[in-house]
Ligand code: AMP
Ligand code: MG
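Residue numbers (the working numbering): 54 to 575.
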């Protein structure tokens with residue numbers, strides 16, 4: 054572990070229990086977001102979590118941060134990552150909660166903010182910088198009616214899913230660890246408190262920009278946009294309009310992200326603008342879900358009664374959210390125009406950039422779908438073939454993950470390898486008709502079955518975080534057995550590999566899984 058020479062600001066958390074024989078996290082520093090100043094954040098220590106213990110720990114995230122993985126076994130680890138040592142930190146380097154606003158379920162919600170998240174600082178390692186944030190660290194000035202806590206159940210889900218997404222190759226915030234405590238927390242029923250340590254280059258959301266726009270703080274809006282450009286998109290500075298170029302980056306990365314979600318059957322559940330990352334990362338895991346049986350109208354969030362965030366709605370919701378972002382950035386656009394024209398031309402520019410969502414999303418999804426069904430070449434009718442597959446999957450509620458995974462076993466010559474995928478369809482005749490068309494299409498491909506299967510298995514995961522798998526790990530963790538959390542995290546670290554000893558984790562969900570409900574309560 055190294056000191057970071059180029060990062061300004063004091064190092065924090067240096068003294069205390071983390072300075073153990075196994076090493077210290079001596080590369081934690083003030084970050085560049087914190088340097089934006091008090092308009093953006095409030096500093097405060099975390100509320101202590103009594104007698105915390107480690108529930109889950111991701112050694113590869115520790116490695117990414119330059120931490121010695123042996124730290125997790127040291128006595129101070131759970132204390133540190135529950136925020137318990139922060140009350141001893143100097144007041145000017147305390148953790149902070151940031152302020153943002155947002156549209157929730159399509160309605161302007163006004164000021165929100167980190168109601169239970171505290172950023173500890175920034176770590177630099179191997180030329181990369183990451184912010185470390187405790188989710189569930191206690192009340193902040195932005196907690197509104199909330200208690201500032203996160204429960205064990207939702208913290209385990211966030212930990213498992215952010216790591217699963219990363220290993221699927223989908224942009225996401227990461228999770229270093231989950232700590233738990235016996236401290237009771239009231240939700241629908243009594244649960245216990247936990248903290249997830251989230252890791253991300255940035256936690257800036259669309260809602261941060263909306264906040265300063267709504268409050269008519271153009272100066273702060275500009276500082277925030279400059280921060281994001283300087284830190285993440287320096288090439289925007291060369292553009293005619295750097296802020297418009299920033300919007301364009303958000304449009305493109307968001308379009309790519311949603312194409313990736315759709316291609317693995319992932320639903321976010323609460324795509325409010327305060328849960329949209331300016332970097333196009335998956336952020337704020339609440340009532341998310343990987344679909345089992347495919348239903349285009351699937352709503353993973355029990356609290357989403359209108360189905361605003363249903364699977365098939367997610368692309369257009371992302372587009373809608375980008376409009377909100379564009380609106381927030383609007384005062385910064387068009388500085389090169391003369392005053393009389395500026396307003397109108399800035400709007401036109403923004404609209405043009407937003408249109409780019411459509412031209413990015415459709416081909417991004419098409420490319421992924423083509424790879425998923427194992428087509429190397431492009432031919433007319435490919436779209437219709439893929440759409441038809443989705444149509445019969447929907448009609449049969451065929452398992453999303455298994456359909457694509459098992460499709461790789463199908464032979465281009467005959468029906469000898471059809472069974473594993475065919476058996477997922479109640480309407481066998483519908484599947485057979487589609488398989489005939491598919492085989493006809495495959496006859497135009499030069500790849501043999503083995504090479505096609507190999508390529509398909511690298512894009513169609515065998516293991517995803519199905520709700521029932523998370524639930525089993527959660528139930529055991531509630532009884533203080535954390536082995537299943539780690540076992541499952543380990544399986545999900547290799548989602549494309551055959552792992553014969555974990556075949557059961559790739560199977561259809563058990564009957565009890567259909568009664569699982571995931572809501573906003575977390
Ligand atoms: P979400 O939609 O879950 O991302 O949360 C929306 C807003 O509510 C964010 O500003 C959160 O920080 C805040 N929030 C959610 N749960 C709590 C809680 N238990 N205590 C304080 N704030 C919360
Ligand atoms: Mg949120």
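C-beta atoms are modelled at their ideal positions from N, C-alpha and C, and glycine is treated no differently. These numbers were taken from a predicted model, which means no experiment stands behind them.
Any non-hydrogen atom of the ligand AMP closer than 7 Å to residue i Cβ
{"i": "residue 323", "result": "yes"}
{"i": "residue 506", "result": "no"}
{"i": "residue 434", "result": "no"}
{"i": "residue 253", "result": "no"}
{"i": "residue 360", "result": "no"}
{"i": "residue 516", "result": "no"}
{"i": "residue 170", "result": "yes"}
{"i": "residue 573", "result": "yes"}
{"i": "residue 197", "result": "yes"}
{"i": "residue 167", "result": "yes"}
Closest Cα partner of residue i within the set the options
{"i": "residue 292", "options": "307, 388, 202, 217", "result": "388"}
{"i": "residue 360", "options": "340, 346, 377", "result": "340"}
{"i": "residue 266", "options": "189, 155, 347", "result": "155"}
{"i": "residue 24", "options": "105, 457, 219, 153", "result": "Since the first residue of the chain shown is 54 and the last is 575, residue 24 is not available in this structure."}
{"i": "residue 436", "options": "453, 447, 452, 416", "result": "416"}
{"i": "residue 463", "options": "484, 443, 446", "result": "484"}
{"i": "residue 171", "options": "178, 157, 201, 160", "result": "201"}
{"i": "residue 486", "options": "511, 502, 442", "result": "442"}
{"i": "residue 248", "options": "495, 283, 90, 207", "result": "207"}
{"i": "residue 377", "options": "392, 404, 448", "result": "404"}
{"i": "residue 451", "options": "268, 533, 256, 475", "result": "475"}
{"i": "residue 368", "options": "329, 399, 398", "result": "329"}
{"i": "residue 625", "options": "569, 465, 85", "result": "Nothing in the structure corresponds to residue 625, since the chain is present only between 54 and 575."}
{"i": "residue 233", "options": "264, 165, 468, 132", "result": "132"}
{"i": "residue 221", "options": "530, 510, 469, 528", "result": "510"}
{"i": "residue 308", "options": "460, 375, 280", "result": "375"}
Residue i, DSSP secondary structure in three states
{"i": "residue 242", "result": "coil"}
{"i": "residue 233", "result": "strand"}
{"i": "residue 264", "result": "helix"}
{"i": "residue 555", "result": "helix"}
{"i": "residue 74", "result": "Low local confidence applies: a pLDDT of 34 at residue 74 is under 50, so the model's placement there is unreliable, with the coordinate-based value given in what follows. Residue 74 falls in the coil class under three-state DSSP."}
{"i": "residue 102", "result": "coil"}
{"i": "residue 288", "result": "helix"}
{"i": "residue 280", "result": "helix"}
{"i": "residue 188", "result": "strand"}
{"i": "residue 359", "result": "coil"}
{"i": "residue 204", "result": "strand"}
{"i": "residue 484", "result": "helix"}
{"i": "residue 95", "result": "strand"}
{"i": "residue 304", "result": "helix"}
{"i": "residue 382", "result": "helix"}
{"i": "residue 565", "result": "helix"}
{"i": "residue 150", "result": "strand"}
{"i": "residue 167", "result": "coil"}
{"i": "residue 536", "result": "helix"}
Supposed contact pair residue j and residue i - C-beta distance, whole angstroms, cut 8 Å
{"i": "residue 5", "j": "residue 370", "result": "What the structure shows of the chain is the stretch from 54 to 575, and residue 5 is not part of that stretch, so it cannot be assessed."}
{"i": "residue 118", "j": "residue 252", "result": "7 Å"}
{"i": "residue 213", "j": "residue 518", "result": "5 Å"}
{"i": "residue 229", "j": "residue 81", "result": "Contact doesn't hold; Cβ gap of about 12 Å is too wide."}
{"i": "residue 260", "j": "residue 326", "result": "5 Å"}
{"i": "residue 332", "j": "residue 262", "result": "Their Cβ separation, rounded to whole angstroms, is 13 Å, which puts residue 332 and residue 262 out of contact at 8 Å."}
{"i": "residue 349", "j": "residue 447", "result": "5 Å"}
{"i": "residue 209", "j": "residue 231", "result": "6 Å"}
Contact test: residue i Cβ vs the ligand MG heavy atom, cutoff 7 Å
{"i": "residue 200", "result": "no"}
{"i": "residue 520", "result": "no"}
{"i": "residue 459", "result": "no"}
{"i": "residue 374", "result": "no"}
{"i": "residue 337", "result": "yes"}
{"i": "residue 354", "result": "no"}
{"i": "residue 327", "result": "yes"}
Own chain residues within Cβ distance below 7 Å of residue i, not counting five before or after
{"i": "residue 573", "result": "323, 339, 340, 354, 356"}
{"i": "residue 563", "result": "521"}
{"i": "residue 95", "result": "149, 150, 193, 194"}
{"i": "residue 240", "result": "204, 574"}
{"i": "residue 70", "result": "A caution first: residue 70 carries a pLDDT of 38, below 50, which makes its placement in the model too unreliable to give a value."}
{"i": "residue 346", "result": "450, 451, 452"}
{"i": "residue 470", "result": "462, 463, 464"}
Cβ shell of residue i (< 8 Å), same chain only, five flanking positions each side left out
{"i": "residue 402", "result": "294, 297, 386, 387"}
The ligand NAP heavy atom lying under 7 Å from the CB of residue i
{"i": "residue 187", "result": "The ligand content of the structure shown is limited to the ligand AMP and the ligand MG, which means the ligand NAP is not among them."}
Nonlocal neighbours in the same chain, by C-beta distance under 6 Å from residue i, ignoring five residues either side
{"i": "residue 226", "result": "215, 251, 253, 334, 336"}
{"i": "residue 110", "result": "125, 230"}
{"i": "residue 314", "result": "none"}
Within-8 Å CB hit, residue i to chain B
{"i": "residue 498", "result": "Absence of chain B from the displayed structure is noted, only one protein chain being present."}
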